[in-house]
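Novice: The opening position of the sequence shown corresponds to residue 29 in the numbering used here, with each subsequent residue numbered one higher.
The C-beta atom is built at its ideal place from N, Cα and C for all residues, glycine as well.
Note that the coordinates shown come from a computational prediction; the quantities given were computed from them, not determined experimentally.
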Amino acid sequence: MNALVKYFFLLLSIFLLNTTQAQHCSVVITGPEVFHMTINNKPVHPQPVNRIKINQLQTENKYVAELIYKSDSTRIKTTLFLFEQDFVHFYEADKEGIRLKKIQPDLTFEPDEKILNIYWKEGNAIQTEPDTIPADTLIADTAYKPPFEHYYHLEDYNGRIGCPWPIPEEKVAEIKNLLLNEPLEERKLEKAKTAFMQMDSLCILMEDVKTLAALFEYEETRLQFAKFLAPNFFDIDQVGKLEEVFNFENSMDEIKAYIGTQIAKPEKN
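(1) Assuming Ile-126 and Ala-93 form a contact by the criterion Cβ under 8 Å, report the distance between their Cβ atoms to the nearest whole angstrom.
(2) Going by CA-CA distance only, name the one from Phe-276, Val-62, Gln-266 and Thr-66 that's closest to Ile-287.
(3) Give me the Cα-Cα distance between Leu-85 and Asn-78, rounded to the nearest whole angstrom.
(4) Which of helix, strand or coil does DSSP assign to Ile-287?
(5) Please work out which residues of its chain come closer than 7 Å, Cβ to Cβ, to Glu-157, disregarding the five sequence neighbours upstream and downstream, and give them in chain order.
(6) Under a three-way DSSP split, which group does Arg-250 fall into?
(7) Residues in its own chain within less than 6 Å of Asp-122 by CB, not counting five upstream and five downstream?
(8) Give the DSSP-derived three-state secondary structure of Asn-83 in the structure shown.
(9) Taking the DSSP output, what are the residues bridged to Leu-144?
(10) Give the secondary structure of Thr-102 by DSSP, where H, G and I count as helix, E and B as strand, and everything else as coil.
(11) Within the same chain, show all residues whose beta-carbon is closer than 8 Å to that of Leu-207, passing over the 5 residues directly before and after it, in chain order.
(12) Does the stretch 89–108 touch the stretch 55–74, meaning 3 or more C-beta pairs lie closer than 8 Å?
(13) Enumerate in chain order the residues of its own chain whose CB-to-CB distance from Asn-297 is below 7 Å, with the five nearest sequence positions on each side excluded.
(14) Return yes when the C-beta of Glu-141 is under 7 Å from any heavy atom of the ligand MN, and no when it is not.
(15) Output the distance between the C-alpha atoms of Ile-82 and Thr-102, rounded to the nearest integer angstrom.
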């Protein structure tokens with residue numbers, strides 16, 4: 029009798045072990061433009077890509093994927109639907125959304141040689157294979173290393189950055205309309221500050237600062253506006269663009285001093 033009981037518990041243990049073992053699947057996301065990606069707010073890879081395969085996802089877990097596009101920092105987010113273990117779930121992505129297109133057994137999947145292969149470790153950092161990633165899936169690094177792991181890549185700009193993700197054009201357009209519709213200078217400044225402070229995160233391109241500052245009538249107001257945004261300039265080495273909206277040299281000197289002497293160019297002898 030004791031032998032039968034032991035045998036029963038052995039079979040039960042094996043059954044429970046098999047039924048509780050994590051079931052895994054994978055996801056492939058492709059799109060026409062390169063993007064940064066996070067899963068459950070964890071970065072997937074430090075460089076933007078447009079083809080990626082993520083392995084070892086557990087079918088019983090919930091995964092929220094977010095893509096941040098390199099071209100204009102557009103963000104799209106979706107919950108990944110995982111239906112079958114040992115299957116690849118194919119998603120197509122663009123700035124309108126992330127859509128599940130098909131699934132197929134992982135054993136029959138022939139990976140594109142240019143795809144970035146990622147292994148997801150629950151609760152830990154992402155591990156990647158292979159170590160070398162095809163050059164045309166990435167955006168090349170520059171000599172300067174920004175103090176952010178993930179950040180917007182501004183075309184033809186290799187200077188220092190003060191924040192990682194500039195606000196999108198739509199937000200800039202909203203502020204622009206707000207300023208155009210307010211006739212009183214003081215109210216313009218107040219409304220602009222309020223609108224910026226209500227944003228989840230504030231980071232702005234110098235070109236957008238110049239565009240908005242030009243909508244103020246007086247130089248003093250433009251200066252106050254620029255100083256308000258100064259801690260949140262993205263492309264700080266392009267501060268010279270603001271010279272177009274200021275008539276007095278000391279205004280630029282004040283802005284440079286305000287955001288730090290590191291962005292002021294040394295005088296020529």
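Specialist: Once the coordinates are examined:
(1) Counting from one through the sequence shown, the residue named residue 126 turns up at place 98. Counting from one through the sequence shown, the residue named residue 93 turns up at place 65. Contact holds; Cβ gap of about 6 Å.
(2) Against the sequence shown, residue 287 aligns to sequence position 259. Residue Gln-266 is the option with its Cα nearest to Ile-287.
(3) Residue 85 sits at position 57 when you count from the first residue of the sequence shown. Residue 78 sits at position 50 when you count from the first residue of the sequence shown. Roughly 20 Å separates the two Cα atoms.
(4) Within the sequence shown, residue 287 is the residue found at index 259, counting from 1. Three-state result, Ile-287: helix.
(5) In the sequence shown, the residue the question calls residue 157 occupies position 129. Model confidence at Glu-157 stands at a pLDDT of 47, short of 50, so the residue's coordinates are unreliable and nothing is read from them.
(6) Stepping through the sequence shown from its first residue, residue 250 is reached at position 222. Per DSSP, reduced to three states, the secondary structure at Arg-250 is helical.
(7) Start at 1 with the first residue of the sequence shown, and residue 122 comes out as number 94. Gly-59, listed in sequence order.
(8) Here residue 83 refers to the residue found at position 55 when the sequence shown is read from its first residue. Strand at Asn-83.
(9) Translated into the one-based positions of the sequence shown, residue 144 becomes position 116. Per DSSP, Ile-80.
(10) Position 74 of the sequence shown, counted from the first residue, corresponds to residue 102. In the displayed model, Thr-102 falls within coil according to three-state DSSP, outside both helix and strand.
(11) One-based indexing of the sequence shown puts residue 207 at position 179. Within the same chain, Leu-207 has close Cβ partners Lys-216, Lys-219, Ala-220, Leu-240, Leu-243 and Phe-244.
(12) Contact between the stretch 55–74 and the stretch 89–108 is present, with at least three C-beta pairs closer than 8 Å.
(13) For this step, residue 297 is matched to residue 269 along the sequence shown. Confidence is the limiting factor: at Asn-297 the pLDDT is only 38, short of 50, which leaves the residue's position unreliable and the question unanswerable from this model.
(14) This structure lacks the ligand MN; in fact it carries no ligand of any kind.
(15) For this step, residue 82 is matched to residue 54 along the sequence shown. For this step, residue 102 is matched to residue 74 along the sequence shown. Looking at the two C-alpha atoms, the distance is approximately 22 Å.
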